[in-house]
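Reviewing the structure listed below.
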Amino acid sequence: MESLWSKLSAALPINEEQFPLQFSDKVESSVVEMLTRSRHQLYSTTRSNNQTLYAQVVLDISWERLNTGTWRDVDKDWRRLYSYGCLFKVAALCRESPSEHEILQAVRTCDMGLLMGAAVMDNILQVFVRILQSEIRKTTKEETDYVEAKRLKIVVPRVPPIKEELAVERIKCPSLESFNTKYLVPLKPVILEGIIDHWPALNNRPWSLEYLRSVAGCRTVPVEVGSRYTDEDWSQTLLTVNEFIDKYILEKVQDSQSGERAVGYLAQHQLFDQIPELKEDIRIPDYCCLGEGDEDDITVNAWFGPTGTVSPLHQDPQQNFLAQVVGSKYVRLYSPEDTDKLYPHQSQLLHNTSQVEVENPDSERFPKFVRAPYLECVLQPGDVLFIPVKHWHYVRSLDVSFSVSFWWS
4 MESLWSKLSA ALPINEEQFP LQFSDKVESS VVEMLTRSRH QLYSTTRSNN
54 QTLYAQVVLD ISWERLNTGT WRDVDKDWRR LYSYGCLFKV AALCRESPSE
104 HEILQAVRTC DMGLLMGAAV MDNILQVFVR ILQSEIRKTT KEETDYVEAK
154 RLKIVVPRVP PIKEELAVER IKCPSLESFN TKYLVPLKPV ILEGIIDHWP
204 ALNNRPWSLE YLRSVAGCRT VPVEVGSRYT DEDWSQTLLT VNEFIDKYIL
254 EKVQDSQSGE RAVGYLAQHQ LFDQIPELKE DIRIPDYCCL GEGDEDDITV
304 NAWFGPTGTV SPLHQDPQQN FLAQVVGSKY VRLYSPEDTD KLYPHQSQLL
354 HNTSQVEVEN PDSERFPKFV RAPYLECVLQ PGDVLFIPVK HWHYVRSLDV
404 SFSVSFWWS
C-alpha cells in the first residue's frame with residue numbers, strides 16, 4: 004500500500020532544483036538559508052531531527068510579521084513565507100508513519116497556511132490537505148451523526164408573520180433581461196425562486212451535519228463568538244468544523260460567566276476556496292453575468308450557525324445574492340435613501356453598520372428609525388434574495404442555518 008508520504012511527495016516538484024524559493028530583499032538572507040535547508044531535507048533520503056525545528060523557526064518568524072501592524076499592510080512575501088513554513092511542517096509530521104494525531108496536526112497546519120498565508124507552488128497546501136483528508140475519512144462517526152441529524156429535524160422554528168404590504172416580492176426563474184430591467188437597474192430587492200434547485204447541496208449531496216462532518220469536519224475555520232459583531236464581548240477564534248458543530252450547533256457549551264448558551268457563527272468566510280469539495284455542491288447564479296467583472300471577481304462566502312445568530316443592520320459595497328441552503332432566516336431591508344434614519348456608527352471601522360437594534364429599537368436615542376420604511380421576508384431553503392448594492396439589511400437565523408452569499412459588481 005502506498006504510504007502517506009509517497010502520496011504527498013508525489014505532489015512536489017521532481018527535484019530540488021525545480022522547487023521555487025524566490026523572495027524579495029525584505030526577507031532576510033538567514034531566513035532564506037533556513038528555507039533552503041528545509042527544501043534540501045525534503046529530497047534527502049536521510050531523516051533529520053532539524054526538519055521540524057527549521058519549519059517552526061520559519062513559522063515563528065513569519066507569524067510575527069503577519070501580526071505586526073494592520074493586515075492589509077503585510078507584505079505578500081511574509082504570507083508566502085508562512086505558507087512555505089506550513090509546507091515544511093506538514094512534511095516533518097508526515098515523513099514517516101504518522102499517527103492519527105499527527106495527521107490531524109498536519110491538516111490544521113495546511114488550513115493555517117490557507118487562511119493566513121498566500122498560495123505557493125500552484126496552491127500545494129490545497130493538494131496536501133485533500134490527500135490528508137482522505138486518510139482521516141476512514142474513521143467517521145456515523146452513529147453519532149445520525150442521532151444529531153434526527154435531533155435537528157424535530158426543531159420547528161418560530162417564523163415571524165410577514166405583513167403582505169411589507170413583503171419582498173417573489174419571482175420564479177426570471178429571464179436575465181427581465182431581472183436586469185425590473186430589479187438590477189432600479190436596484191429593487193427580490194426573492195428569486197427555483198434558480199438554485201439544481202445545486203447538489205439541495206439534492207443528491209444535502210448539507211446535513213453528518214455530510215458537513217464527513218467533508219470538512221477536521222478542517223480549521225474562523226468562528227465569530229458573541230451575539231453580534233458590534234458587541235463589546237465579541238471575539239474570533241479558530242476551531243475545526245467538528246468542534247464548531249459540537250460547541251455551537253448542538254448547544255454543548257455555555258458561557259462561563261453568564262451560564263447562557265454561547266453563540267458561535269462561521270460567518271463571512273470564503274470556505275469554498277478553502278474546501279473545494281463544498282464548492283462542488285453549489286453554482287454561481289447565472290444572473291452574476293450581468294455584472295461588470297468576471298467570475299474570479301465574485302466573492303463567495305459561507306454563513307453557518309445555530310438559531311439566533313444576528314447580522315446587525317449594515318450595508319455592503321457590492322450587489323449580493325444571499326442563497327439559503329439549510330434552515331431559515333428573517334431578513335429586513337432598508338433603502339440607502341433612508342440612511343439618515345438608520346443612525347450609522349460614526350467610527351470608520353463600523354461606518355457601514357447601524358447603531359439601532361432592529362427588533363428592539365431605542366426610540367429615545369433613535370427617534371427617526373421608526374419612520375424608516377422597510378421590506379422584510381423569511382428565506383427558506385432554495386430561496387435566493389437579491390440585496391442591491393448599499394441596501395441596508397438585517398439578518399437573524401430562525402433555526403440552524405447555512406447560507407451562501409455572492410458579492411458581485
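Residue numbers for the sequence shown, in this note's numbering: 4 to 412.
Glycine included, C-beta positions come from ideal geometry on N, C-alpha and C.
Chain-order list of residues whose beta-carbon lies under 7 Å from that of L128 (same chain, five-residue window excluded) = These residues qualify, in order along the chain: S86, C89, L90, C113, G116, L117.
In whole angstroms, what separates the C-alpha of I301 from that of D63?
-> Here the alpha carbon of I301 sits roughly 33 Å from the alpha carbon of D63.
T49 to L96, Cα distance in whole Å?
-> 15 Å
Check the C-beta distance from E418 over to G385 and give it rounded, since I have them as a contact under 8 Å.
-> As shown, the chain starts at 4 and ends at 412. That puts residue 418 outside it, with no answer to give.
N323 versus L187 - alpha carbon distance | Taking the straight line from one Cα to the other gives about 11 Å.
Just mark A109 as buried or exposed, buried being the case when its beta carbon has 16 or more other beta carbons within 10 Å.
-> buried
Cβ-based burial, R98 [other Cβ within 10 Å; buried from 16] | buried
Which residues DSSP lists as bridging A170, in chain order | DSSP, once it has assigned bridges, lists E379 as partnering A170.
How would you call W74, buried or exposed, if buried means at least 16 neighbouring beta carbons within 10 angstroms?
-> With fewer than 16 other Cβ atoms from the protein chains shown falling within 10 Å of its own Cβ, W74 counts as exposed.
Nearest residue (CA-CA) to V244, options E168, K371, W306 = W306
Taking all protein chains shown into account, decide if S408 is buried (16 or more other Cβ within 10 angstroms of its Cβ) or exposed.
-> buried
Can you give the Cα-Cα distance for L155 and F247, rounded to whole angstroms?
-> Because L155 carries a pLDDT of 48, less than 50, the predicted location of this residue cannot be relied on, and the following value inherits that uncertainty. The alpha-carbon atoms of L155 and F247 are separated by roughly 15 Å.
Following the continuous beta strand (DSSP E) through F275, name the residue where it begins and the one where it ends.
-> From DSSP, F275 is part of no beta strand (DSSP E) but of the alpha helix (DSSP H) over 274 to 277.
Pull up the CB-CB distance for F131 and L281, whole angstroms please, since I reckon it's below 8 Å.
-> Not confirmed; about 18 Å, so no contact.
DSSP state of T302 mapped onto helix, strand, coil | In the structure shown, T302 sits in a strand (DSSP, three-state: E or B).
Got a sec? Which residues, its chain only, sit under 6 Å from S9 by beta carbon, not counting five neighbours each side?
-> Answer for S9: no residue qualifies.
Buried or exposed for E227, please, with buried defined as at least 16 other CB atoms from any protein chain shown within 10 angstroms of its CB.
-> buried
Strand pairing of V334, partner residues [DSSP] | C380, V398
Expressed to the nearest angstrom, what Euclidean distance is found between the alpha-carbon atoms of D249 and R173?
-> 36 Å
From this set, C176, S65, N18, which residue's C-alpha is nearest Y290's C-alpha?
-> C176
Report buried or exposed for L84, applying the criterion of at least 16 other Cβ atoms within 10 angstroms of its Cβ.
-> buried
Compare the Cα-Cα distances from F275 to each of V34, L401, A219, D343 and report the closest residue.
-> A219
Bounding residues of the alpha helix (DSSP H) (the contiguous stretch that carries H348) | Careful: H348 lies outside any alpha helix (DSSP H) and carries neither H nor E.
Count the other C-beta atoms from every protein chain shown that fall within 10 angstroms of the C-beta of T143, then say buried if there are 16 or more, exposed otherwise.
-> For T143, the predicted model reports a pLDDT of 46, less than 50, meaning its position is unreliable and no value from the coordinates is stated.
Determine the extent of the beta strand (DSSP E) in which E196 is found, giving its start and end residues.
-> Run containing E196: 193 to 196, per the beta strand (DSSP E) assignment.
If you run the structure through DSSP and keep just helix, strand and coil, what is V218?
-> helix
In chain order, each alpha helix (DSSP H) run of at least 4 residues that lies wholly inside the segment 4 to 69 = 7 to 12, 32 to 46, 53 to 69
Would you check if there are 3 or more beta carbon pairs closer than 8 Å linking the segment 65 to 80 to the segment 35 to 53?
-> no
CA-CA distance, A270 and Q25?
-> 35 Å
Quick one: what's got a C-beta closer than 7 Å to S406's C-beta in the same chain, skipping five residues either side?
-> Closer than 7 Å at Cβ, skipping near neighbours: W306, L325, A326, Q327, V328, K332.
Could you give the residue range of the alpha helix (DSSP H) that holds A94?
-> 79 to 97
If you draw a straight line from the C-alpha of S350 to the C-alpha of E138, how long is it?
-> 48 Å
Could you please give me the residues that DSSP links to Y268 through a beta bridge?
-> E227
For E146, does the three-state DSSP call read helix, strand or coil?
-> The predicted model places E146 with a pLDDT of 40, which falls under 50 and marks its position as unreliable; any figure quoted below should be read in that light. Looking at E146 - three-state DSSP - the assignment turns out to be helix.
CB-CB under 8 Å to Q239, same chain, minus the five flanking residues each way: which ones, in chain order?
-> P225, V226, E227, V228
When DSSP labels each residue in this structure, what does S404 get in the three-state scheme?
-> Three-state DSSP puts S404 in a strand.
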